[in-house]
Amino acid sequence: MRTFHCDHCAHQIYFENTVCVSCGRTLAFLEDLRDMASLDSAPDGTWHPAHGAPGGAYRLCRNYEVMHVCNWALPAHDPEALCRACRLTIVVPDVSMPGAHEAWFRLESAKRRLLFTLLSLGLPLSNRHEDPPGGLAFEFKADIDPSGEPVRTGHSAGTITIDIAEADDAERERRRAAVREPYRTLLGHLRHESGHYYWDRLVRGQAETEGFRARFGDEREDYTSALDTYYRYGPPQDWQTRFVSAYASSHAWEDWAETWAHYLHMLDALETAAACGLSLAPPTTGEPALAPLPANLRVDQMPFDRLIAGWFPLTYAVNSLNRGLGLADAYPFVLPPAAVDKLRFVHDLVARATR
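For the record, in the sequence shown the residue sitting at position 304 is 303 according to numbering that gives the first Met the number 0, with numbers rising by one throughout.
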């Protein structure tokens with residue numbers, strides 16, 4: 000993701016900030032401009048960019064102003080009370096439950112990062128009101144819903160469901176260890192499940208199907224049976240030579256969703272590196288280097304070979320920094336040539352879909 004600065008004092012700010020810690024100004028993400036801005040309040044309840052940024056009057060999203068789980072603002076003339084991001088969530092947790100409000104806040108924060116990337120890429124993104132059969136929706140549910148059925152994180156017919164227990168760091172770590180995953184985050188969940196949604200939008204019934212099957216396998220294989228086999232017997236012994244993760248070996252759809260998530264990881268991290276002016280020039284001859292990237296570069300528009308060439312040294316550096324802080328690797332994966340080819344397929348598909 001790109002980096003942001005307060006337009007009042009030029010201090011660095013984060014995408015999630017509501018107040019500049021340097022000058023104390025109110026901040027919001029302006030969805031129409033896709034930028035953070037400091038705002039002045041007006042007597043009529045609207046807000047205005049403090050330094051003449053393009054755009055007129057704005058209203059804070061209701062979930063910003065009342066529920067404190069958002070930081071987006073929408074044009075004042077917009078009839079909706081919720082911003083574009085919050086309108087996508089059709090089921091929210093019962094905030095009277097202990098920990099539910101904090102879980103909702105964390106889920107919405109991760110979701111907005113996903114949406115920023117999807118919007119930046121120019122991918123089709125509509126809600127159920129705009130596009131009832133093809134729109135995207137999110138459900139953030141408690142572990143046991145009122146019917147008594149356990150909530151399962153997943154995707155079905157355009158709806159991404161996340162068990163809010165995943166927002167609890169200790170519980171998510173327990174689940175990660177139980178299934179022997181090297182990586183499990185809220186943003187990772189959302190990126191993975193969005194892959195299933197975009198498979199339906201970009202691959203299903205399209206000319207891309209043949210290329211998909213040549214790399215990922217035949218999605219017509221029985222999905223439930225394939226997952227039962229995976230959970231009973233584990234991944235094939237050679238999975239590390241063919242897949243980005245063990246779970247990707249379970250079924251063609253999961254291989255696609257895992258690869259899609261890794262592609263979004265890669266774009267986001269490289270865009271951040273470019274925005275920070277990061278470059279890597281190891282003193283040892285022959286080690287992978289990361290050449291400086293223009294701060295305003297659209298990394299999704301880079302040739303794939305340059306993208307992946309920058310990814311390898313960046314992950315090595317980031318993992319080394321994490322280890323120096325006593326943390327686990329930020330990117331605990333090794334990409335075999337077959338997985339790189341799948342990432343290339345995703346890159347090329349996104350490029351064609353967003354021309």
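All C-beta atoms, glycine included, are put in the ideal place defined by N, C-alpha and C.
Keep in mind it's a predicted model, so treat the numbers as computed, not measured.
Query raised in the report: Are at least three pairs of beta-carbons, each pair with one atom in the segment 303–318 and one in the segment 255–271, less than 8 Å apart?
Result: yes
Requested in this report: State yes or no: is the C-beta of P234 within less than 9 Å of the C-beta of Y222?
Outcome: no
Query raised in the report: Given that a residue counts as buried once 16 or more other Cβ atoms are within 10 Å of its Cβ, and exposed if not, what is T88?
Result: buried
Report task. Please state if the CB of A316 and the CB of L342 are separated by a distance shorter than 9 Å. Result -> no
Query raised in the report: Just how far apart, CA to CA, sit D227 and F137?
Result: 26 Å
Query raised in the report: What distance in whole Å lies between the Cβ atoms of L306 and R190, which are believed to be in contact at a cut-off of 8 Å?
Result: Actually they do not touch by this definition, with Cβ atoms about 17 Å apart.
**Report entry** Buried versus exposed call for V345 [16 or more other C-beta atoms within 10 Å across all chains shown]
**Finding:** buried
Requested in this report: Assuming G194 and A256 form a contact by the criterion Cβ under 8 Å, report the distance between their Cβ atoms to the nearest whole angstrom.
Outcome: 4 Å
Query raised in the report: What do you get for N295, buried or exposed, if any count of 16 or more other CB atoms within 10 angstroms of its CB means buried?
Result: exposed
Query raised in the report: Tell me the DSSP bridge mates of N89?
Result: Here residue 89 turns out to be Ile, not Asn, going by the sequence shown. I89 pairs with nothing; no bridge assigned.
Report task. Just grab the DSSP bridge partners of Y57 for me. Result -> W46, P74
Query raised in the report: How long is the line joining the alpha carbons of T184 and H50, rounded to whole angstroms?
Result: 37 Å
Requested in this report: Determine the closest residue to V298 out of A272, R322, V150, P287, with distance taken between C-alpha atoms.
Outcome: A272
Query raised in the report: Among the residues of its own chain, which have a CB less than 7 Å from the CB of L334, if the five just before and after it don't count?
Result: V243
**Report entry** Beta carbon of P74 nearer than 9 Å to that of Y57
**Finding:** yes
Query raised in the report: For A164, which of A327, A290, F139 has the nearest alpha-carbon?
Result: F139
Report task. Could you name each continuous alpha helix (DSSP H) segment of 4 residues or more that falls completely within the segment 243–280, going from the start of the chain to the end? Result -> 251–274
Query - Anticipated Cβ contact below 8 Å, F14 with F115, distance rounded - result: 7 Å
Query raised in the report: Can you find a C-beta in chain C that's less than 9 Å from the C-beta of A72?
Result: No chain C appears in the structure shown, which is made up of a single protein chain.
Query raised in the report: Just to confirm, are H10 and M35 a CB contact at a threshold of 9 Å?
Result: no
Query raised in the report: By DSSP, does T116 sit in helix, in strand, or in coil?
Result: helix
**Report entry** Opening and closing residue of the alpha helix (DSSP H) in which L406 lies
**Finding:** Given a span of 0 to 354 for the chain in the structure shown, any question on residue 406 remains unanswerable.
Query raised in the report: Got a sec, what are the start and stop residues for the beta strand (DSSP E) F28 sits in?
Result: 25–29
Report task. For D39, collect the residues of the same chain with a Cβ closer than 6 Å to its Cβ; drop the 5 residues on either side in sequence, then sort them by chain order. Result -> H47, A49
**Report entry** Three-state secondary structure (DSSP) of G36
**Finding:** Per the sequence shown, the amino acid found at residue 36 is Ala instead of Gly. Residue state, collapsed to three classes: strand.
Report task. May I ask you to report which of helix, strand or coil DSSP gives V18? Result -> strand
Query raised in the report: Thinking C-beta only, is A166 closer than 9 Å to M96?
Result: no
Query raised in the report: Mapping DSSP to helix, strand and coil, what is F332?
Result: coil
Report task. Specify the secondary structure class of E138 as computed by DSSP and reduced to three states. Result -> strand
Query raised in the report: Whose CA, out of D31, F211, C82, lies closest to the CA of V65?
Result: C82
Report task. Return the residue from the list D254, L277, L135, N70 that minimises the CA-CA distance to R200. Result -> L135
Report task. Tell me, please, which residues DSSP counts as bridged to L324. Result -> None; L324 has no bridge partner.
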